[in-house]
Amino acid sequence: MGKISTILSKKEADLIEKLIARHGLFVDSRQIYEQLNAEMTVQEMKNAIGKLVKRGWLVRLKRGSYYITTLESRGIANISVYIIAQALVNNAYVSFETALQYHGIFDQLLTTATSLSLSKHSIKELQGIKYEFIKTNQDNFYGWEEIQTEGRTIKVATLEKAVLDMIGIRKTAYAMDLVLEKLRDYKDSFNFEKLFEFSKKQTITSKRILGFLLDRAGLDSEKIYVQIKDNKGSSHMTADSKKLYDAKWRLYYHNIFE
7 MGKISTILSK
17 KEADLIEKLI
27 ARHGLFVDSR
37 QIYEQLNAEM
47 TVQEMKNAIG
57 KLVKRGWLVR
67 LKRGSYYITT
77 LESRGIANIS
87 VYIIAQALVN
97 NAYVSFETAL
107 QYHGIFDQLL
117 TTATSLSLSK
127 HSIKELQGIK
137 YEFIKTNQDN
147 FYGWEEIQTE
157 GRTIKVATLE
167 KAVLDMIGIR
177 KTAYAMDLVL
187 EKLRDYKDSF
197 NFEKLFEFSK
207 KQTITSKRIL
217 GFLLDRAGLD
227 SEKIYVQIKD
237 NKGSSHMTAD
247 SKKLYDAKWR
257 LYYHNIFE
């Protein structure tokens, strides 16, 4: 987005003021059209919106959806990734490292904000942040909370569901190692009863991995073990986990845990 021009016509300034008063900083094309002069043609209204986008007063989030910038915000950079992610796809919740960061246990710079969604969406990049939406099924669309922030409602995975999503969907050595680190270093931040309850809806493989990681973190894994002890199959932690085997969990695990 280019530099904001502070010069607005009276008509444009009135439009921006009325939109913010009525709808807040997030608006769609219909709301803008309703606020514009009823005598304008559709093309004239499109041109008016295009002019505000070009001059930086409107930031296009997706087709027909905009964020109104102000002289105070100077663009979209001061809006949290959680609000932007929710504005991009409403029927989704933030998870993985993005949720861990919201809960205060991940302090690395995020270049991608990841959400789980019930439908497929392409990656969107705004202000150097990629917004990724991973499609999941209805059975896995749980374990999130609605939170009010900056006048908006956002959906964020609980800590417990965020780590389960990483185990069940990411399936990489990095993800497993990160989950182990968080379980070990922030054990007082987790609600383990909630973790055990959420785990009941997960796959056998995810349960085995979670139990293995709880053991490695020195935490009680008994409530996970009782869920899988009668299953005689075996699972792989990652696609390349083929040699090292944990007999208790019937799990081939990655060599980073050797």
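The sequence shown begins at 7 in the working numbering and counts up by one. Virtual Cβ for every residue (Gly too), placed ideally from N, Cα, C. Predicted model only: the values in this text are computed from it and were never measured.
Item	Value
Taking E152 as part of the beta strand (DSSP E), name the residues at either end of that continuous run.	W150 to T155
Under DSSP, the beta strand (DSSP E) around Y137 begins and ends at which residues?	I135 to K141
Given V33, which residues of its chain have a CB within under 7 Å of its CB, disregarding the five upstream and five downstream residues?	L25, Y72 and I74
Hey, V162 and K188 are a contact pair by Cβ (cut 8 Å); roughly how many whole angstroms apart?	No, V162 and K188 are not in contact; Cβ-Cβ is about 16 Å, not under 8 Å.
Quick check on R80: buried or exposed, where buried means 16 or more other Cβ atoms within 10 Å of its Cβ?	Low confidence applies to R80: its pLDDT is 45, below 50, so where it sits in the model is not reliable, and the reading given next is rough at best. Exposed is the call here.
So S123 and D171 are in contact, right, with Cβ under 8 Å, and what is the actual spacing, rounded?	Contact flag wrong, Cβ pair sits at about 12 Å.
Within the same chain, show all residues whose beta-carbon is closer than 6 Å to that of L220, passing over the 5 residues directly before and after it, in chain order.	S227
Where DSSP assigns a beta bridge to E131, which residues make up the other side?	K136
In angstroms, rounded to a whole number, what distance separates the CA positions of I111 and K136?	21 Å
Let me check one thing: in DSSP terms, what residues is Q98 bridge-paired to?	The sequence shown places Ala at residue 98, not Gln. In DSSP, A98 forms a bridge with S123.
Would you give the residue range spanned by the beta strand (DSSP E) that Y192 belongs to?	Element bounds for Y192: n/a, residue is neither H nor E.
For the candidate residues I160, L216 and Y39, whose alpha-carbon lies nearest to that of A98?	I160
How long is the line joining the alpha carbons of K17 and N96, rounded to whole angstroms?	31 Å
Any contact between the segment 125–136 and the segment 192–212? By contact I mean 3 or more CB pairs, one from each, below 8 Å.	no
Check R80 in the structure and name its three-state DSSP category.	Bear in mind that the predicted position of R80 carries a pLDDT of just 45, short of 50, making it unreliable; the figure below should be weighed with that in mind. Reduced to three states, the DSSP call for R80 is coil.
Quick check on the DSSP output: the alpha helix (DSSP H) that includes A163 runs from which residue to which?	Per DSSP, A163 belongs to no alpha helix (DSSP H); it is in the beta strand (DSSP E), R158 to A163.
Only counting the same chain, and skipping five residues up and downstream in sequence, which positions put a Cβ closer than 7 Å to that of K254?	none
Where M243 and A181 are concerned, what is the direct C-alpha to C-alpha distance, given to the nearest angstrom?	11 Å
Quick check: what's the CA-CA separation for K288 versus L165?	Residue 288 lies beyond the stretch modelled for the chain, which goes from 7 to 264, so this question has no answer here.
Per the DSSP calculation, V65 is bridged to which residue(s)?	Y73
Within this structure, are the beta carbons of I230 and L257 separated by less than 8 Å?	no
Cα-Cα, which of Q92, E199, A179 and K193 is closest to E152?	Q92
How should V48 be labelled, buried or exposed, when 16 other C-beta atoms within 10 angstroms of its C-beta is the threshold for buried?	exposed
Would you call I185 buried or exposed, if buried means 16 or more other Cβ atoms sit within 10 Å of its Cβ?	Reading off the sequence shown, one finds Val at residue 185, where the question assumed Ile. It counts as buried.
Would you please state the rounded distance, in angstroms, between the beta carbons of L94 and Q107? I believe it to be under 8 Å.	Between Q107 and L94 the Cβ distance is about 18 Å, and since that is not below 8 Å, they are no contact.
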